[in-house]
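Colleague: Following this message is one structure expressed as structure tokens.
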Amino acid sequence: MSESGERSGSGPVAVVTGGARRLGRHLCATLARRGYDLVVLYRDSEADARTLVEEIGAIGRRARALAVDVGVNTQVTAVFEDIAAQEGRVDLLLNNVGNYNPQHVSRLDPSVWDATLATNLSGAYYCSFHALKLMVHGGNIVNIGMAGLEGIRANVHGTDYYVSKTGLLVLTRALAAAYAKEHIRVNMVSPGQLENSIDLPSPEDIGRSVPLGRAGTLQDVAQAVEYLLDAGYVTGVNINVAGGYRL
Ligand SMILES: NC(=O)c1ccc[n+]([C@@H]2O[C@H](COP(=O)([O-])OP(=O)(O)OC[C@H]3O[C@@H](n4cnc5c(N)ncnc54)[C@H](OP(=O)(O)O)[C@@H]3O)[C@@H](O)[C@H]2O)c1
Numbered sequence: 035m036s037e038s039g040e041r042s043g044s045g046p047v048a049v050v051t052g053g054a055r056r057l058g059r060h061l062c063a064t065l066a067r068r069g070y071d072l073v074v075l076y077r078d079s080e081a082d083a084r085t086l087v088e089e090i091g092a093i094g095r096r097a098r099a100l101a102v103d104v105g106v107n108t109q110v111t112a113v114f115e116d117i118a119a120q121e122g123r124v125d126l127l128l129n130n131v132g133n134y135n136p137q138h139v140s141r142l143d144p145s146v147w148d149a150t151l152a153t154n155l156s157g158a159y160y161c162s163f164h165a166l167k168l169m170v171h172g173g174n175i176v177n178i179g180m181a182g183l184e185g186i187r188a189n190v191h192g193t194d195y196y197v198s199k200t201g202l203l204v205l206t207r208a209l210a211a212a213y214a215k216e217h218i219r220v221n222m223v224s225p226g227q228l229e230n231s232i233d234l235p236s237p238e239d240i241g242r243s244v245p246l247g248r249a250g251t252l253q254d255v256a257q258a259v260e261y262l263l264d265a266g267y268v269t270g271v272n273i274n275v276a277g278g279y280r281l
């Protein structure tokens with residue numbers, strides 16, 4: 035747990051799950067440059083979270099990093115109690131955590147199923163449940179999904195992941211409908227094959243599955259998140275940032 039040294043005036047507060055590394059880290063830096071103060075939630079990557087807090091401090095925003103397993107509601111409750119006491123508000127919740135450990139559905143152990151659903155789906159719900167109480171002046175929730183959810187077909191590898199992301203889309207729409215009157219918008223951004231994907235095809239082959247012919251960048255995803263933050267009349271949508279993957 036750490037805090038940036040300099041405080042240069044408080045801004046709107048963004049809470050980012052899985053924020054210390056990879057996509058989450060890039061989104062934290064993007065949000066800091068937009069003027070958000072950050073609460074970076076991480077599970078194991080304490081050293082990365084620490085350096086990110088320093089980087090956000092150098093941008094001129096306030097940042098704290100808190101450890102939590104988002105799949106355990108008691109831990110999520112404690113973290114949001116801390117945020118309520120320290121920041122006193124949440125303006126943006128970015129549910130970025132999404133574990134992907136593809137196994138064939140015929141060999142999928144129930145413990146893996148439980149862990150995926152707890153982390154990717156229940157974790158997003160727990161964080162939303164607590165963050166919504168702190169969005170007293172309206173706010174945004176952005177959930178990170180995966181491309182092609184609307185027309186999803188059989189996926190025998192990673193079924194638990196696809197189920198969790200489909201559930202996240204259902205949750206996105208339900209919360210969007212339920213909280214619109216409170217000026218809280220809830221949307222989803224769904225990457226396809228990002229450049230850091232664990233099963234990225236080679237540059238020669240990627241055009242077979244990605245019509246735009248390249249992997250997505252972290253900046254491509256950040257651009258869609260920023261669009262949603264600006265788009266005051268948009269709620270309950272899912273933006274595929276995927277170059278046409280799974281069309
Ligand atoms: N990368 C892609 O190509 C791709 C494609 C489609 C969709 N997506 C989606 O984009 C999002 C980010 O992807 P990514 O590849 O950057 O993610 P990632 O590296 O797999 O995971 C991001 C972070 O999630 C945290 N995390 C995992 N389980 C957690 C738990 N139980 N509680 C709290 N934190 C936990 C980890 O934090 P610690 O390191 O601190 O433990 C990890 O660094 C995910 O939702 C993913 O499904 C990614």
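In the working numbering, the protein residues as written are 35 to 281. In this text, a Cβ means the ideal position worked out from N, Cα and C, and glycines have one as well. On a predicted model such as this, the values are computed, not experimentally measured, just so you know.
In chain order, what are the residue ranges of uninterrupted beta strand (DSSP E) at least 3 long that sit wholly in the stretch 61 to 148?
Modeller: Counting only runs of 3 or more, we get 71 to 76, 97 to 101 and 126 to 129.
Colleague: In the DSSP assignment, find the unbroken alpha helix (DSSP H) run with Gly173 in it and report its ends.
Modeller: Segment Gly173 to Ile178 is the beta strand (DSSP E) holding Gly173; no alpha helix (DSSP H) there.
Colleague: Looking at the unbroken beta strand (DSSP E) that takes in Arg207, where does it start and where does it end?
Modeller: Per DSSP, Arg207 belongs to no beta strand (DSSP E); it is in the alpha helix (DSSP H), Thr193 to Tyr213.
Colleague: Please report the distance separating the alpha-carbon of Gln257 from that of Ala165.
Modeller: Looking at the two C-alpha atoms, the distance is approximately 23 angstroms.
Colleague: CB of Ala92 to nearest heavy atom of ligand 3: below 7 angstroms?
Modeller: With respect to small molecules bound, the structure shown includes ligand 1 and not ligand 3.
Colleague: Our contact map puts Ala97 next to Val74 with C-beta atoms below 8 angstroms; I'd like the distance itself, whole angstroms only.
Modeller: Sure, about 6 angstroms apart at Cβ, within 8 angstroms.
Colleague: What's the gap between the Cα of Gly247 and the Cα of Pro225?
Modeller: Cα to Cα, the separation comes out at about 15 angstroms.
Colleague: With distance defined between alpha-carbon atoms, name the residue in Asn230, Ala92, Val110 and Gly266 nearest to Asn174.
Modeller: Per the Cα distances, Gly266.
Colleague: Could you give the first and the last residue of the continuous beta strand (DSSP E) run that contains Arg280?
Modeller: Arg280 -> no beta strand (DSSP E), and no H or E assigned at all.
Colleague: Suppose contacts are defined by Cβ-Cβ distances below 8 angstroms. Is Ile273 in contact with Val223 by that definition?
Modeller: Going by C-beta atoms, Ile273 is nearer than 8 angstroms to Val223.
Colleague: Report the three-state DSSP secondary structure of Val271 (helix, strand or coil).
Modeller: It is coil, neither helix nor strand.
Colleague: Hey, out of Ser44, Leu151 and Tyr195, whose CA is closest to Glu121's CA?
Modeller: Here the closest residue by C-alpha is Ser44.
Colleague: Assuming the contact rule is C-beta atoms closer than 8 angstroms, Thr51 and Gly105 should be a hit. Round their C-beta distance to whole Å, please.
Modeller: Not confirmed; about 11 angstroms, so no contact.
Colleague: Identify the continuous alpha helix (DSSP H) that holds Ala256 and give its terminal residues.
Modeller: Where Ala256 is concerned, the enclosing alpha helix (DSSP H) stretches over Leu252 to Asp264.
Colleague: Compare the Cα-Cα distances from Asp71 to each of Arg242, Gly278 and Val87 and report the closest residue.
Modeller: When only C-alpha atoms are compared, the closest one is Val87.
Colleague: How long is the line joining the alpha carbons of Leu128 and Glu80, rounded to whole angstroms?
Modeller: The alpha-carbon atoms of Leu128 and Glu80 are separated by roughly 19 angstroms.
Colleague: Is Ala99 close to ligand 1? I mean its beta-carbon at under 7 angstroms from any heavy atom of the ligand.
Modeller: No, Cβ of Ala99 sits at least 7 angstroms from all heavy atoms of ligand 1.
Colleague: Please tell me whether, using a cut-off of 7 angstroms, the distance from the CB of Ser188 to the nearest non-hydrogen atom of ligand 1 is below it.
Modeller: Note on identity: in this sequence residue 188 is Ala, with Ser being the wrong assignment. The answer is no for Ala188.
Colleague: Using the rule of at least 16 other Cβ atoms within 10 Å of the residue's Cβ for burial, across every protein chain shown, is Val170 buried or exposed?
Modeller: By the 10 Å Cβ count, Val170 comes out exposed.
Colleague: Are the stretch 200 to 215 and the stretch 231 to 248 in contact at 8 angstroms, needing three or more beta carbon pairs?
Modeller: Result no; under three Cβ-Cβ pairs closer than 8 angstroms.
Colleague: Does DSSP put Ser243 in a helix, in a strand, or in coil?
Modeller: Of the three classes helix, strand and coil, the one that applies to Ser243 here is helix, per DSSP.
Colleague: Rounded to a whole number of angstroms, what is the C-alpha to C-alpha distance between Tyr279 and Arg242?
Modeller: Their Cα atoms are separated by approximately 9 angstroms.
Colleague: Mind reading off the beta-carbon distance from Ala101 to Tyr76? Whole number of angstroms is fine, and I expect it under 8 angstroms.
Modeller: Between Tyr76 and Ala101 the Cβ distance is about 6 angstroms, and since that is below 8 angstroms, they are a contact.
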